[in-house]
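Structure record follows, encoded as C-alpha cells.
In full-length UniProt numbering, the protein residues as written are 1 to 155.
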C-alpha cells in the first residue's frame, strides 16, 4: 500500500506511528519502565485515536491510489494501473468500516445534548450569568420506582 501513497503521506504516516511504536516498546519490551497512571492514560488516548487515524489514512490512500491509477491509464501502463486499482479497493475496504467505527466513537464521546439540559440529563436554567441545574423529576421518579420494586422483591 505504501507504493501508491505519496511521499508526504508516507512520511506523515510514519511520524504518526511513532507514539504507537513507543507504546508497544513500553508495554512489551521495556523491563525497566515504571507503569504509572499517565502511561495508562496515554495508551488509552492512543487506542481511542487509532480508528480516526486509520480512517484518515485509508481515505487519503484511496485518493492517492486513484490519482496514480488515472495517471497510469493516461500513460498506457495497464499493469501499473491494475496494481493501483487494487490499492484503491483495498483502501476503500479499510476506510468504510473505520469511518463507521470512528463515527460511532465520536457519537459516544460527544453525544448530542438537548437544549436546556446538561450531559447528565438534568434540567438547566440560565438566569443572567448563573446556570442552575436540577434533576429531571420524571427520571427521578422512575429511578425511585425501580428501586422500590427491587426492594420489595428481595426476601
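Note that the Cβ used here is the ideal one computed from N, Cα and C, for glycine as well.
Predicted model only: the values in this text are computed from it and were never measured.
If we ignore side chains and look at the alpha-carbon of each, how far apart do residue i and residue j end up?
i           : j           : result
residue 81  : residue 9   : 20 Å
residue 107 : residue 32  : 39 Å
residue 124 : residue 103 : 28 Å
residue 139 : residue 145 : 10 Å
residue 61  : residue 84  : 10 Å
residue 132 : residue 126 : 6 Å
residue 11  : residue 37  : 31 Å
residue 130 : residue 117 : 14 Å
residue 58  : residue 71  : 20 Å
residue 89  : residue 44  : 31 Å
residue 136 : residue 115 : 14 Å
residue 13  : residue 94  : 15 Å
residue 35  : residue 29  : 13 Å
residue 101 : residue 42  : 20 Å
residue 48  : residue 73  : 39 Å
residue 157 : residue 26  : In this structure the chain extends from 1 to 155, so residue 157 is not present and cannot be described.
residue 75  : residue 91  : 23 Å
residue 147 : residue 109 : 29 Å
Look up residue i in the DSSP assignment and give the residues it is bridged to.
i           : result
residue 6   : None, per the DSSP bridge assignment.
residue 123 : 117 and 134
Say whether chain C places a C-beta atom closer than 8 Å to the C-beta of residue i.
i           : result
residue 118 : Protein chains in the displayed structure number just one, and chain C is not present.
As a quick exercise: from the options, pick the residue whose alpha carbon is nearest that of residue i.
i          : options             : result
residue 96 : 76, 55, 121 and 120 : 55
residue 21 : 46, 110, 40 and 6   : 46
residue 23 : 122, 39 and 14      : 39
residue 98 : 29, 14 and 50       : 50
residue 15 : 27, 35, 34 and 53   : 53
residue 87 : 29, 27, 68 and 109  : 68
Just to check my reading of the structure: residue i and residue j have Cβ atoms closer than 8 Å, yes? What is that Cβ distance to the nearest angstrom?
i           : j           : result
residue 64  : residue 6   : 5 Å
residue 113 : residue 119 : 6 Å
Secondary structure, alpha helix (DSSP H): runs of 4+ residues fully inside the segment 3-91: 7-28 and 37-74
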